[in-house]
Every structure is written in structure tokens, then in C-alpha cells.
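Numbering-wise (the working numbering), the sequence shown opens with residue 4 and increments by one. Built from N, CA and C at the ideal position, the CB exists for glycine as well. Since we're looking at a predicted model, the values are computed, not measured. Written out below as C-alpha cells is the structure these notes cover.
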Amino acid sequence: MANDAAVAVKQDTAGTVPPEQYAPDAVWREAERLLYREARLLDTERLSDWLEQIVDPTIRYMVVSRELRFRKEKRYGQPAEVFMYDDDYGFLKARVDQFHSGMQWRVDPPERYRRLVTNVEVFETGKDGEFAARSNCLAVRTRRAYEIDQFVYCREDVLRRCPFGTLRLVQRRIDFDERSVAGRNLVMIL
């Protein structure tokens, strides 16, 4: 059986785009563990630990929603994508600080979170020590007996090996499936 790391998963018949190459199994497993640990830190409200252990200071964190138009629709000149968030490390830190300040109305009474991360794929990017990870996620937020919100989304992450040897999140693009938020708000880290 061929090594999975050498298997091309996307062939371009025109030869214009290089095929996606899976990362080696050891890197794949390390990336999965990073994403699972991230979900646990966020679910248990360890947001400062998330910033320190998972997020690189050069982060770009984007949440994008797309307007779903008919494929043949050509009359609109506006982009189909809308940025719900386009944050850097400073903005993420401000959100974490606000959460810990006691001034955010959504956290009292406390919310409970469950993030499910699935369909993780990790690819080579062609840059030394950098990998692309794609995953599908379900985040469930509950508060009191009657407030339950569910968010389904796809994440495309760029992970880079830091000087300490571990992987860090340097870019996240979240494709948020809803055009407008059906839940009460999106005051959470996806």
C-alpha cells in the first residue's frame, strides 16, 4: 500500500494547479491534537491559555458568510462574501480580556460550550514548517434551560511550526454556513 503522505487528493487535468499533497501522518496527528486541544480550551473557558498555547501573534482570524446566489446569476457586482470578523491578535486579545472582565453580559449566568471538530485533513503548503488544515465543526452553546444555539461551519487553517517546535495557528478562515446568525449572537470564538 502506498504511503498516504504521497497520495495526491486533487488532480488538475489541465495541469495548471499542483495537486494537494497530504502532510505526513505524524504531522497530521499533531495537527489533529492541536485542534482537539483548542476545542477543549475554548469549551472550558480557558481563553487566555488558548491565546498563549494555540494562537501565533501574527494571526489573521476571519469569519466569512456567503450570499448564496443562483449559479447563473450575473447581475450583482458586489462580492458574495461578507466578513463577520476579520481580527488580528490584538482584537482577539481584546475579546478575551472583555470575557474575563466580568463586564460581558453573555457570561452571567455562564454559558456552556461544546465544539465538535471532524473531517480533519492536513496538507503540505510548499513552505517549510507550514501546513494547511481543513476541518468541519459544530459548536453548541447552551445557557439556561431554553437558550440553545448551534453553529455549523468549515475552517481552513494555516499552521506553522514555531521556534519551540510546536504548531501554532497563524491563519483561520471560517466559512460560516448561515447568511445571518440564527442564534442570539455570535459573541464567541468559533
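State the start and end residues of the unbroken alpha helix (DSSP H) segment that holds residue i.
{"i": "residue 193", "result": "No alpha helix (DSSP H) holds residue 193; DSSP gives it neither H nor E."}
Give the range of the beta strand (DSSP E) segment to which residue i is assigned.
{"i": "residue 146", "result": "133-146"}
{"i": "residue 174", "result": "170-179"}
{"i": "residue 127", "result": "115-127"}
{"i": "residue 154", "result": "150-164"}
Return the CA-CA distance between residue i and residue j, expressed in angstroms with no decimal places.
{"i": "residue 170", "j": "residue 88", "result": "23 angstroms"}
{"i": "residue 127", "j": "residue 114", "result": "37 angstroms"}
{"i": "residue 9", "j": "residue 156", "result": "Residue placement at residue 9 is flagged as unreliable, the pLDDT there being 45, under the threshold of 50; a coordinate-derived value is accordingly withheld."}
{"i": "residue 116", "j": "residue 152", "result": "10 angstroms"}
{"i": "residue 47", "j": "residue 112", "result": "15 angstroms"}
{"i": "residue 129", "j": "residue 173", "result": "16 angstroms"}
{"i": "residue 97", "j": "residue 67", "result": "20 angstroms"}
{"i": "residue 94", "j": "residue 75", "result": "38 angstroms"}
{"i": "residue 58", "j": "residue 148", "result": "33 angstroms"}
{"i": "residue 31", "j": "residue 69", "result": "29 angstroms"}
At a threshold of 8 angstroms, does residue i count as lining the ligand SAM (C-beta to nearest heavy atom)?
{"i": "residue 58", "result": "Looking for the ligand SAM in the displayed structure turns up nothing, as the structure carries no ligands at all."}
Apply the 10 Å Cβ neighbour rule to residue i and answer buried if 16 or more other Cβ atoms are within range, or exposed otherwise.
{"i": "residue 39", "result": "exposed"}
{"i": "residue 144", "result": "buried"}
{"i": "residue 179", "result": "buried"}
{"i": "residue 104", "result": "exposed"}
Check this for me: beta carbons of residue i and residue j, under 9 angstroms apart or not?
{"i": "residue 192", "j": "residue 50", "result": "yes"}
{"i": "residue 90", "j": "residue 106", "result": "no"}
Report task. Jot down the residue ranges of each uninterrupted alpha helix (DSSP H) in the region 29-100, minimum 4 residues, whole runs only, in chain order. Result -> Taking only runs of at least 4 residues, the alpha helix (DSSP H) segments lying wholly in the region 29-100 are 50-56.
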